[in-house]
Amino acid sequence: MSLPRLNRWIPIFNWLAAITLVVSLVMNFYYAPTERTMGNVQRIFYFHVGTAWVGAVAFFVALVGGALYLRQKRELWDTIALSSVEIGLVFLTIATAAGSVWGKPAWNTWWLWSPRLTLITVAWLTYAAYFMLRGAIEEHEKRARFAAIYVIVAFVTIIMTYISIRIFRDIHPVVFGGTAEAAQGASEGLQEFEAGLESMKMGITLTVNTVTFTIMYIAWMLNRVRLQYLMDRVDSLKMRVAARLQGGNA
Amino acid sequence: MDKVDTAVSAPSSSGNQFVTAVWAIVWKDLQIEKHTRQTVSLMVMFSLVTVVMFNFALETELDAARNVATGLLWATILLAGTLGLNRSLAIERENQNIDAVLIAPIDRRAVYLAKVISVTIFTLLLEVVLVFVFVIFFNKPFWQPVVLLVLFLGTIGYVAAGVLITSMTMQTRAREVLLPILLMPLVLPLILPAATAVGEMMTVQPDMSIIRSMVSLVAAYDLVILATGLFTYHLVVES
Numbered sequence: 016m017s018l019p020r021l022n023r024w025i026p027i028f029n030w031l032a033a034i035t036l037v038v039s040l041v042m043n044f045y046y047a048p049t050e051r052t053m054g055n056v057q058r059i060f061y062f063h064v065g066t067a068w069v070g071a072v073a074f075f076v077a078l079v080g081g082a083l084y085l086r087q088k089r090e091l092w093d094t095i096a097l098s099s100v101e102i103g104l105v106f107l108t109i110a111t112a113a114g115s116v117w118g119k120p121a122w123n124t125w126w127l128w129s130p131r132l133t134l135i136t137v138a139w140l141t142y143a144a145y146f147m148l149r150g151a152i153e154e155h156e157k158r159a160r161f162a163a164i165y166v167i168v169a170f171v172t173i174i175m176t177y178i179s180i181r182i183f184r185d186i187h188p189v190v191f192g193g194t195a196e197a198a199q200g201a202s203e204g205l206q207e208f209e210a211g212l213e214s215m216k217m218g219i220t221l222t223v224n225t226v227t228f229t230i231m232y233i234a235w236m237l238n239r240v241r242l243q244y245l246m247d248r249v250d251s252l253k254m255r256v257a258a259r260l261q262g263g264n265a
Numbered sequence: 003m004d005k006v007d008t009a010v011s012a013p014s015s016s017g018n019q020f021v022t023a024v025w026a027i028v029w030k031d032l033q034i035e036k037h038t039r040q041t042v043s044l045m046v047m048f049s050l051v052t053v054v055m056f057n058f059a060l061e062t063e064l065d066a067a068r069n070v071a072t073g074l075l076w077a078t079i080l081l082a083g084t085l086g087l088n089r090s091l092a093i094e095r096e097n098q099n100i101d102a103v104l105i106a107p108i109d110r111r112a113v114y115l116a117k118v119i120s121v122t123i124f125t126l127l128l129e130v131v132l133v134f135v136f137v138i139f140f141n142k143p144f145w146q147p148v149v150l151l152v153l154f155l156g157t158i159g160y161v162a163a164g165v166l167i168t169s170m171t172m173q174t175r176a177r178e179v180l181l182p183i184l185l186m187p188l189v190l191p192l193i194l195p196a197a198t199a200v201g202e203m204m205t206v207q208p209d210m211s212i213i214r215s216m217v218s219l220v221a222a223y224d225l226v227i228l229a230t231g232l233f234t235y236h237l238v239v240e241s
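Sequence lines, in order, name chains A and B. If you're matching positions, the first sequence starts at 16 in this note's numbering and goes up one per residue. If you're matching positions, the second sequence starts at 3 in this note's numbering and goes up one per residue.
See the structure below:
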């Protein structure tokens, strides 16, 4: 995507993201019904699941970006992978923070070392380490290549996380594709919040929130890619200035 | 060692070249280790120090020490493992050994597989010592076949991820420092089920269904990470 085209699309998505965010907030507080057992605190659910979902999508996009970079060696794919990991990490942090705030009234603690929460911490660390790897390599091409390989390996471990949370018994509910284990846990009072949603309105609110965060993700991606373009341009301008100055001195 | 020797001394003119290359590199690593005895002794000494340090921290509570023994065993293996990985791949960097290996008409996947095998052997040797030490220190049945199987499978997955990551970190500025930061989070999805399985075996009446699902998780991780390594390793050593 070229810079002028980016410049055209970015304001549109920025505004779209702002508007849908307001709509989502209004829906979360006024349209969605109050949950029976948990009360108003359950309204965090829409942000929690929405951001977690977009986080997963972002890491998947990073994986695709990495794989395409290894195949075609085009800078753009590396930029997309990098931007997506950055934004995915932000969404993952929001989801974890929202979950923690919800955990306080639901489980009476901010944090538990349950398998699922442990593994989400691990996922966070995995993707945070991505920047450490990038920071340690100076060569442009090698940095992009190693980052691409790492992002693929990282996603593989996230898949393992996804599988294992369906095997371990956990206090954290599984909303999408709930398992027999989860249902059993719910009946034993292991889970405060049963799998599945109470009403149609909740489902609609969740969908709107997910769409909002997806639009926000796209907007941030476009901004981030544009930023990278500008950074690269500044770098090349600096090089030209340096070359000019050196030529003048000699 | 005899079996390995014959595989190398009689290069298969008609046989499988891939297997020959793998064994040649493994044999080379074992020979280096046989003469220098650096890697395994380093790992063993390091893990002994770690265990003693933890023991010291938990000394007043012997029961507590016994309860955390499983986690401690894995933590020690992970920490000592990074030493083994760094050592084993640093040897390749010294004297441009790796360049010679890469110039040779060898499939990159063979190089990867060989390094995984040799570091796995080193780590398994370490685990033999550790199991012995843990049985004595914590008085828990770590010698059970299921525990040994989980240790074996867990080590394969850990080393498979480790060789791939170490080959990358070796080529960066931060080197040894970067390895644990990258590797530890990556292998935790493997260690969690592995430690759960070992912990379950330490109970009076282990629940076999839990152990079976944990072992299959570990095995699945092994396969997935090995496949990823085999597919991407040529991109790591590309110069």
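Built from N, CA and C at the ideal position, the CB exists for glycine as well.
(message) With H, G and I counted as helix, E and B as strand and the rest as coil, what does DSSP make of E154(A)?
(response) coil
(message) Please list, in chain order, the residues of the stretch 156 to 184 of chain B that have any C-beta partner in chain A closer than 9 Å.
(response) A163, L166, I167, M170, T171, Q173, T174, R175, A176, R177, V179, L180, I183, L184
(request) Tell me whether T124(A) is buried or exposed, calling it buried when 16 or more other Cβ atoms sit within 10 Å of its Cβ. (result) exposed
(request) Report yes or no: is there a C-beta of chain B within less than 8 Å of the C-beta of V168(A)? (result) yes
(message) Which complete alpha helix (DSSP H) runs does the stretch 94 to 166 of chain B hold, if anything under 4 residues is left out?
(response) The DSSP assignment places complete alpha helix (DSSP H) segments of no fewer than 4 residues inside the stretch 94 to 166 of chain B at 99 to 105, 110 to 140, in order along the chain.
(message) According to DSSP, is E202(B) part of a helix, a strand, or is it coil?
(response) helix
(request) Tell me whether E96(B) is buried or exposed, calling it buried when 16 or more other Cβ atoms sit within 10 Å of its Cβ. (result) exposed
(request) Closer than 8 Å by C-beta to F28(A): which residues in its own chain qualify, once you throw out the five before and the five after it? Chain order, please. (result) I230, I233, A234, L237
(message) If the cut-off is 8 Å on Cβ atoms, which residues from the stretch 120 to 142 of chain B count as contacting chain A, listed in chain order?
(response) none
(message) Would L85(B) and M45(B) qualify as a contact pair, given that the criterion is a beta-carbon distance under 8 Å?
(response) yes
(request) Check E50(A) in the structure and name its three-state DSSP category. (result) strand
(message) Let me confirm a value: F58(B) is counted as buried when at least 16 other C-beta atoms fall within 10 Å, else exposed. Which label applies?
(response) Exposed, because fewer than 16 other Cβ atoms sit within 10 Å of the Cβ of F58(B).
(request) Give the DSSP-derived three-state secondary structure of E240(B) in the structure shown. (result) coil
(message) Need the endpoints of the alpha helix (DSSP H) that W25(B) sits in, please.
(response) Residues 19 to 38.
(request) Would you mind sorting H187(A) into buried or exposed? The rule is 16 or more other CB atoms within 10 Å of its CB. (result) buried
(message) With a threshold of 8 Å, are at least 3 pairs of Cβ atoms found where one atom belongs to the stretch 126 to 137 of chain B and the other to the stretch 187 to 207 of chain B?
(response) Contact check between the stretch 126 to 137 of chain B and the stretch 187 to 207 of chain B: fewer than three CB pairs, one atom from each, fall below 8 Å, which does not count as touching.
(request) Just the C-alpha distance for A32(A) and P26(A), rounded to the nearest angstrom, thanks. (result) 10 Å
(message) If distances are taken between C-alpha atoms only, which option among L50(B), T157(B), L87(B) comes closest to V217(B)?
(response) T157(B)
(message) Against R160(A), what residues of chain B qualify as contacts under a CB-to-CB distance less than 7 Å, listed in chain order?
(response) L237
(message) If you measure between the beta carbons of I43(A) and T220(A), is that distance less than 8 Å?
(response) In the sequence as displayed, the identity of residue 43(A) is Asn instead of Ile. Yes, they are a contact pair.
(message) Measuring only the C-alpha atoms, how far is W29(B) from V130(B)?
(response) Looking at the two C-alpha atoms, the distance is approximately 21 Å.
(request) Kindly indicate if chain B contains any beta-carbon less than 8 Å away from that of G204(A). (result) With a pLDDT of 41 at G204(A), under the threshold of 50, the modelled position of this residue cannot be trusted; read the value that follows with caution. So, not an interface residue.
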